[in-house]
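Heads up, the thing below is written out as structure tokens.
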Amino acid sequence: MRSPAFFPAAIAALAAALFTPAGAQANRPAPAPADPGLIVGLLAGALLLTLVLIAARGRRTGRTAGVVIPRFEPPAGVSATLAAYLTDRSVTSRVFTTAVAELAALGFVSVVGGPKPRIDRAPRPPEERPPLELRALLEALLPRRRPQIELGREHAAVLLLARSELGRNLARRAAPYLRSEPALALAGTALASLAIAAAAGLAYARLDAALLAGIFSYAYVFLAGSARRAAVLAWERYRLVPGLNPLGELLRAAGNLVFVFGAPLLGGLYLSLAAGAAAGALAAVLALVAVWAGERTSAFTPKGAEAWRHLLGLARYLGTTDERELRRLGAPEDAPETLRRLYPYAIALGVESAFAKRLDRYLDRFPENARTALLWDTGPESYPRMPGRHTYSLGVSRSLQNAYEQAGAYTPRIQPDDRR
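Numbering-wise (this note's numbering), the sequence shown opens with residue 1267 and increments by one.
So, in structure tokens, the structure goes:
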């Protein structure tokens, strides 16, 4: 058994090691940087292990590349809300707006536009139950005791609860379509971050350099994964969907790619100043490969890849406004029920503006079908005040997205009665 004097002596020795007087520190020789060959070997080994990780898991990933065939109906079992979730991979304002639009298209709610859009529960909803994710959203927004809700700041707590319920159920519904392995992605990210941190610490012979490089590289892998995915989706929409603004999609893709490739190049330059160009280049490549590894561990399953190609074909059809091109594709004639049913998919796939023009053109010829074709409320409270059907449809969607984003800026406490 240790003597009672052992612990005070140990504490004193630790304090002396941590709080060495400045004069004594000045007399110590500065640690020498490690040999650049050792740093290059460390980074090369980490890069090789990361590539092995990608190769081992890549076989279970579905391929989304290939010819996109125009589709006139959505894939079976994929709601518009799920399609938006597969695009954004989280509950964004577009996913929320798509869900509300789909509830309106199915006849469960009506939506009145304005600065504070209002959602009313339908007095006679259909007997068929909505999909799981829509059912959860409907119960969160409009429980039985609440026939309507105005999406303003005063109901931010309800919107946050609705977001939570929608996200939880969408994650369950998306499981067959997305192969998510968070432990594997975390392992790949940690491997690359630790290797880069160790390389920086060895190159500069300083602990703070290692900590700084490790923190920045770890954060970069996660942020760059989202940026890379957004750039790929923007490029796919630019190539395959004719109804989009091409300049906007290209600028969106370019901005994300500047971050994805620019950050590791700057980090590699920082390391090369102390360890040489080879070490800097390997660190930059390792960071980029780590981003790719993270994407491969949360990519589409084969079923998800097939559904995604189908959705891109649907986006191509929904984003086409030229009548001659629609005839060339063999598209069916527009009908009010079809336009209403497909409008949520146009929101989900980012082609709402183009599809709203098609809707407007159809109603110019058949104005008597406005109540059937238009998704949002056409009563005197909202519709007559809007300057044109195209502006009206887009305006209601924008107001829903704005209400959702403003609710995310507040974190009110969710009261128990908000759940009933």
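Ideal Cβ placement from N, Cα and C applies to all residues, glycine included.
Source: prediction; values computed, not measured.
Report task. Go to D1354, then tell me how far its beta strand (DSSP E) extends in each direction, as first and last residue. Result -> First-last for D1354: 1346-1354, but that is the alpha helix (DSSP H), not the beta strand (DSSP E).
Requested in this report: Note down, in chain order, each residue of its chain lying with its Cβ closer than 7 Å to the Cβ of V1551, except the 5 sequence neighbours on either side.
Outcome: Contacts found: L1313.
Query raised in the report: Start and end of the beta strand (DSSP E) containing R1337?
Result: For R1337, no beta strand (DSSP E) encloses it, and the DSSP letter there is neither H nor E.
Requested in this report: Could you check if G1343 is buried or exposed, using at least 16 other CB atoms within 10 Å of its CB as the buried criterion?
Outcome: Classification for G1343: exposed.
**Report entry** Pairwise C-alpha distance: L1548 and A1283
**Finding:** With a pLDDT of only 43 at A1283, under 50, the local geometry of the prediction cannot be trusted, and the value read off the model is given with reservation. Distance between the alpha carbons of A1283 and L1548 is about 36 Å.
Query raised in the report: From Y1583 to L1516, what does the alpha carbon distance come to, in whole angstroms?
Result: For Y1583 and L1516, the gap between their C-alpha atoms comes out near 21 Å.
Query - Reference L1473; option with closest CA among S1659, R1419, P1302, A1298 - result: The option with the nearest alpha carbon to L1473 is A1298.
Query - Residue nearest to L1460 in terms of C-alpha spacing, selected from I1305, D1626, S1619, S1359 - result: When the alpha-carbon of L1460 is set against those of I1305, D1626, S1619, S1359, the nearest one is in I1305.
**Report entry** Between the CA atoms of A1540 and L1554 - distance to the nearest angstrom
**Finding:** Rounded to whole angstroms, the separation of the alpha carbons of A1540 and L1554 is 21 Å.
**Report entry** For A1458 and G1467, believed in contact at Cβ under 8 Å, the rounded distance
**Finding:** Distance from G1467 to A1458 at the Cβ level is roughly 15 Å; contact not present, criterion being Cβ atoms closer than 8 Å.
Query raised in the report: Using a Cβ-Cβ cut-off of 8 Å (strictly less than) and excluding sequence neighbours within five positions of F1706, which residues of its own chain qualify?
Result: For the chain, the structure presents residues 1267 to 1686; residue 1706 sits outside this window and is missing.
Query raised in the report: Can you list the alpha helix (DSSP H) stretches of 4 or more residues lying completely in the region 1424-1503, in chain order?
Result: As far as the region 1424-1503 is concerned, its whole alpha helix (DSSP H) runs of at least 4 residues are 1448-1470.
Requested in this report: Would you check if the distance between the CB atom of P1336 and the CB atom of G1579 is smaller than 8 Å?
Outcome: Yes; because the gap between Cβ atoms is below 8 Å, this pair is in contact.
Query raised in the report: Beta carbon of A1440, beta carbon of Y1351: below 8 Å?
Result: Contact flag set, yes.
Requested in this report: From the DSSP output, in three-state form, read off F1621 for me.
Outcome: Correct three-state label for F1621: helix.
Query raised in the report: Under three-state DSSP, which class holds E1416?
Result: Here DSSP, grouped into helix, strand and coil, assigns E1416 to strand.
Report task. Go ahead and pull the three-state DSSP assignment for F1257. Result -> Outside the shown range of the chain, which is 1267 to 1686, sits residue 1257, and nothing can be said about it.
**Report entry** Sequence-distant residues of its chain with Cβ nearer than 7 Å to A1559 (five each side left out)
**Finding:** T1316, L1319, I1320, G1454.
Query - Cβ neighbours of E1618 in the same chain (closer than 7 Å, five flanking residues each side left out) - result: The answer, listed in chain order, is A1612, L1660, S1663.
**Report entry** Start and end residues, beta strand (DSSP E) containing R1387
**Finding:** Bounds of the beta strand (DSSP E) holding R1387 are 1384-1387.
Report task. Give the secondary structure of V1375 by DSSP, where H, G and I count as helix, E and B as strand, and everything else as coil. Result -> V1375 falls in the strand class under three-state DSSP.
Query raised in the report: Which class does F1566 belong to by DSSP, given the choice of helix, strand or coil?
Result: Three-state DSSP puts F1566 in a strand.
Query raised in the report: What residue does the alpha helix (DSSP H) around R1607 start on, and which one ends it?
Result: Run containing R1607: 1602-1614, per the alpha helix (DSSP H) assignment.
Query raised in the report: In three-state terms, what does DSSP make of P1302?
Result: Of the three classes helix, strand and coil, the one that applies to P1302 here is helix, per DSSP.
Query raised in the report: Three-state secondary structure (DSSP) at T1586?
Result: Collapsing the DSSP output to three states places T1586 in coil.
Report task. Go through its chain and collect everything with a Cβ distance to S1538's Cβ below 7 Å, but skip five positions before and after it. Result -> In the same chain as S1538, and ignoring 5 residues on each side of it, the C-beta atoms closer than 7 Å to its own belong to A1545, G1546, in chain order.
Query - Which of helix, strand or coil DSSP assigns to G1343 - result: G1343 falls in the coil class under three-state DSSP.
**Report entry** Exposure of D1354, with buried meaning 16 or more beta-carbon neighbours within 10 Å
**Finding:** The residue in question, D1354, is buried, as its Cβ has 16 or more Cβ neighbours within 10 Å.
Report task. Check R1401 in the structure and name its three-state DSSP category. Result -> Note: R1401 maps to helix in three-state DSSP.
Report task. Can you tell me which of the three DSSP states T1358 falls into? Result -> If DSSP states are grouped into helix, strand and coil, T1358 belongs with coil.
Requested in this report: State the DSSP-derived secondary structure class of P1381, mapped to helix, strand or coil.
Outcome: Under the three-state reduction of DSSP output, P1381 falls in the coil class, being neither helix nor strand.
Report task. Would you mind sorting R1631 into buried or exposed? The rule is 16 or more other CB atoms within 10 Å of its CB. Result -> R1631 is exposed by the Cβ-count criterion.
Report task. Check whether the Cβ atoms of A1581 and L1615 sit closer than 8 Å, and answer yes or no. Result -> Against a cut-off of 8 Å, the Cβ pair of L1615 and A1581 comes out as a contact.
Query - Separation of R1410 from A1520, as counted between CA atoms - result: Between A1520 and R1410, the C-alpha separation is close to 47 Å.
Query raised in the report: Assuming Q1667 contacts T1363 under a Cβ cut-off of 8 Å, what Cβ separation, rounded to an integer in Å, is found between them?
Result: Cβ atoms of Q1667 and T1363 come within 8 Å of each other, at about 5 Å.
Query raised in the report: In chain order, what residues of the same chain have a beta carbon less than 6 Å from the beta carbon of P1530, not counting five sequence neighbours either side?
Result: Within the same chain, P1530 has close Cβ partners A1550, A1553, L1554.
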